[in-house]
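Below is one structure; the comments refer to it alone.
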Amino acid sequence: MSMHKKLMLAAAALVFATAASADKLRIGTEGAYPPFNQMDTSGNAIGFDVDIANALCEKMQAECSIVTSDWDGIIPALNSKKFDFIVASMSITPERSQAVDFTDHYYTNKLQFVAPKNVNFPIDKAGLKGKVIGAQRATIAGMWLEDNMGDVVDIKLYDTQENAYLDLTSGRLDGMLADAFVQYEWLNSDAGKDFEFKGDAVFDGDKIGIAVRKGDPLRERLNKALAEILKDGTYQKINAKYFPFNIY
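According to mature numbering (1 follows the signal peptide of the UniProt record, and there is no 0), the sequence shown holds residues -22 to -1, 1 to 226 in order.
This is how it looks when you write it as structure tokens:
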């Protein structure tokens, strides 16, 4: 083989290796927020967020792996490069946008209370005065409670949504405020059968996005892939797997 051909092959191998390396991406998620992200009995992350993330990776022709993180530390973990992007039902907020960049939204949520059936639960300050209300820490729900009901209710914040539901079913909470689609999933489970939505949504139009490190061009790749799965029906198939209504 001529030296010229050897150099060409070496150069091609280098380009291939660099491309392969660049297309190995790590997805950060919580793993404790069903039906969006949770762990199955084999210890694998599953859920709507995971399915969306894998569909985006397929469009980007990237080899992706899942890394789980506690919710409280998920943005610092992204910025310390423990993973490359977060798909964990994260609301796009001005505060978070100071630390990370967000893609276009991949679904839209709202906040709604749940409480035991046949219990009077007016959604106003007079009706909630003195009640113990739970929410997950560092979420829109927790912030809404503190901003709007902090002077009249006893707010209990939890590390995971699952732990909050345990206290609700055991009677240590009078009610819970959380994302309506998470509440919907729980109300349809055996654990939530004695509970129901109370009142209308108190906050609507909450946009959920994918977080990347500031200035990372991966954001545009993800936006392009998101537009593709919305256009070709992939998104709608994933949506229908979890909900009988459109959450986009």
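The beta-carbon is built from N, C-alpha and C at its ideal position, and this holds for glycine as well. Quick caveat: nothing in here was measured; it's all calculated off a predicted structure.
Residue 112 carries a strand assignment under DSSP once its states are collapsed to helix, strand and coil.
The region 172 to 216 is shown to contain whole beta strand (DSSP E) runs of 3 or more residues at 173 to 191, in chain order. Residue state for residue 30 is assigned as helix, using DSSP reduced to three classes.
For residue 43, the three-state secondary structure derived from DSSP is strand.
Comparing alpha-carbon positions, the option among 8, 216, 199 and 167 lying closest to residue 39 turns out to be 199. Using a Cβ distance threshold of 9 angstroms, residue 73 and residue 48 do not count as a contacting pair. Residue 151 carries a coil assignment under DSSP once its states are collapsed to helix, strand and coil. Between residue 188 and residue 64, the CB-CB gap stays under 9 angstroms. Cβ atoms of residue 33 and residue 147 stay farther apart than 8 angstroms, at about 34 angstroms. Annotated as proximal: residue 101 and residue 180, with beta-carbon spacing under 9 angstroms.
Put simply, the backbone Cα of residue 131 is about 19 angstroms away from that of residue 178. Pairing residue 12 with residue 21 gives a Cβ-Cβ distance that is not under 9 angstroms.
Counting only residues of its own chain and dropping the five nearest sequence neighbours on each side, residue 141 has no CB closer than 8 angstroms to any other CB. Here residue 150 is exposed, its C-beta having fewer than 16 other C-beta atoms within 10 Å. Under the three-pair Cβ rule at 8 angstroms, the region 80 to 87 does not count as touching the region 101 to 112.
The three-state reading of DSSP puts residue 156 in strand, counting E and B together. In summary, residue 214 is exposed, with fewer than 16 beta-carbon neighbours lying within 10 Å of its beta-carbon over all protein chains present.
Here residue 172 is exposed. Its C-beta has fewer than 16 other C-beta atoms within 10 Å. Nearest to residue 4 by alpha-carbon distance, out of 10, 62 and 53, is 62.
Judged by DSSP secondary structure, residue 77 falls outside any beta strand (DSSP E); it is assigned neither H nor E.
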